[in-house]
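The numbering of the sequence shown is the working numbering, which starts it at 1 and goes up by one. Virtual Cβ for every residue (Gly too), placed ideally from N, Cα, C.
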Amino acid sequence: MTQLLQAMAVHAIALVAYPGFLAVIAFGIPIEIAWTAVIRRGTVLPNVRLQRPPSVQVVVAVLAILAAVQVSAPFNAMPLPERNLIIAAAAIGFTAWSELALEPALVAQPGLLVVIQSCWLLAVLGPAVEPQSLRPQVLGNVLVPALLPVKIACGFLYLLCLPALLRLWPVAAPADRRARPRFNATRALVWFPYCALFTTLFFPPAPDDAIGVLRFFGITIAVAAGCMLGGSLLARRGADRARGLYSRAVPPYALLVLLLIAGTVILAR
């Protein structure tokens with residue numbers, strides 16, 4: 001009974017505090033404010049009101065928390081054997097599907113979004129083919145020279161997909177006709193899972209100390225900054241070029257990454 005209570009307490013800390021809900025909020029809100037300041041030339045703060053949140057935000061929050069506790073953040077209370085790449089990828093992936101199901105009019109280019117999400121999923125699962133492990137911290141710690149081309153190619157593909165998955169591209173949804181920008185609470189919830197999962201997959205695990213915390217969050221913030229830079233560049237080029245990039249350039253590159261993964265697996269046998 002004591003062990004059961006201890007396990008429940010550990011899981012509660014991971015889900016509610018760190019790296020769960022509080023970490024998701026503490027990371028996502030400043031990043032979302034920074035993004036609105038960059039793209040809109042002005043600060044847009046969250047509108048805090050004591051009312052029932054929209055259903056889509058509740059679903060996205062639950063999925064974001066489930067994904068966040070899988071990452072290899074320092075001092076993560078979630079036990080290592082219980083972290084799983086499939087859970088993280090599925091939870092993050094379903095955030096987009098929940099928006100499409102609950103608020104379809106606010107999702108731009110749903111067909112293209114499915115293609116981009118498939119490319120992103122390839123980038124997530126690609127490095128797991130040869131190590132044959134679904135633990136994110138194991139994949140980040142793989143430094144075999146023969147697998148480095150796959151990791152680099154998958155990492156670049158991951159970063160290419162992020163601006164579209166985070167809705168940073170200039171493609172407007174059919175029902176999104178706002179004259180003034182508003183704080184996007186739904187996107188604020190997924191900044192940390194997307195960026196922290198990249199840090200987990202493509203960098204060695206950070207130790208449980210102050211240096212490890214600085215390194216992990218430094219890389220994660222750098223990933224978010226890179227996404228904002230990519231989103232601002234797409235905004236300058238316009239919606240047509242953004243659609244062209246993600247429909248005519250990213251899928252062929254993903255196919256090359258898939259061939260590279262297949263070739264690496266064949267040569268490793």
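Determine the burial state of PRO19: buried for a count of at least 16 other Cβ atoms within 10 Å of its Cβ, exposed for fewer.
buried
For LEU63, which of THR95, ARG135, ALA210, PRO81 has the nearest alpha-carbon?
THR95
Whose CA, out of PHE216, LEU147, ALA9, ALA242, lies closest to the CA of LEU267?
LEU147
On the three-state DSSP scale, how would you describe ASP209?
coil
What is the DSSP secondary structure of ALA172, reduced to helix, strand or coil?
coil
C-alpha distance - LEU208 paired with ARG215, whole-angstrom precision
For the sequence presented, residue 208 should be read as Asp rather than Leu. Answer to the nearest angstrom: the Cα atoms are 11 Å apart.
Could you tell me the distance, in whole angstroms, from the CA atom of VAL190 to the CA atom of TRP120?
15 Å
Of all the alpha helix (DSSP H) runs that stay within the bounds of the region 86 to 158, which reach a length of 4 or more residues?
110 to 125, 136 to 140
Can you grab the Cα-Cα spacing for the pair GLN57 / PRO163, in whole Å?
20 Å
Rounded C-beta distance between ALA206 and PRO74? I'm assuming under 8 Å.
5 Å
Quick check: the Cα distance between CYS195 and SER118, rounded to an integer number of angstroms?
17 Å
Inter-stretch contact at 8 Å, needing at least 3 Cβ pairs: the region 211 to 231 / the region 123 to 136
no
Closer than 6 Å by C-beta to ALA179: which residues in its own chain qualify, once you throw out the five before and the five after it? Chain order, please.
Low local confidence applies: a pLDDT of 49 at ALA179 is under 50, so the model's placement there is unreliable, and no value is given.
Determine the burial state of PRO193: buried for a count of at least 16 other Cβ atoms within 10 Å of its Cβ, exposed for fewer.
buried
GLN70 and PRO136 - do their beta-carbons sit closer together than 9 Å?
yes
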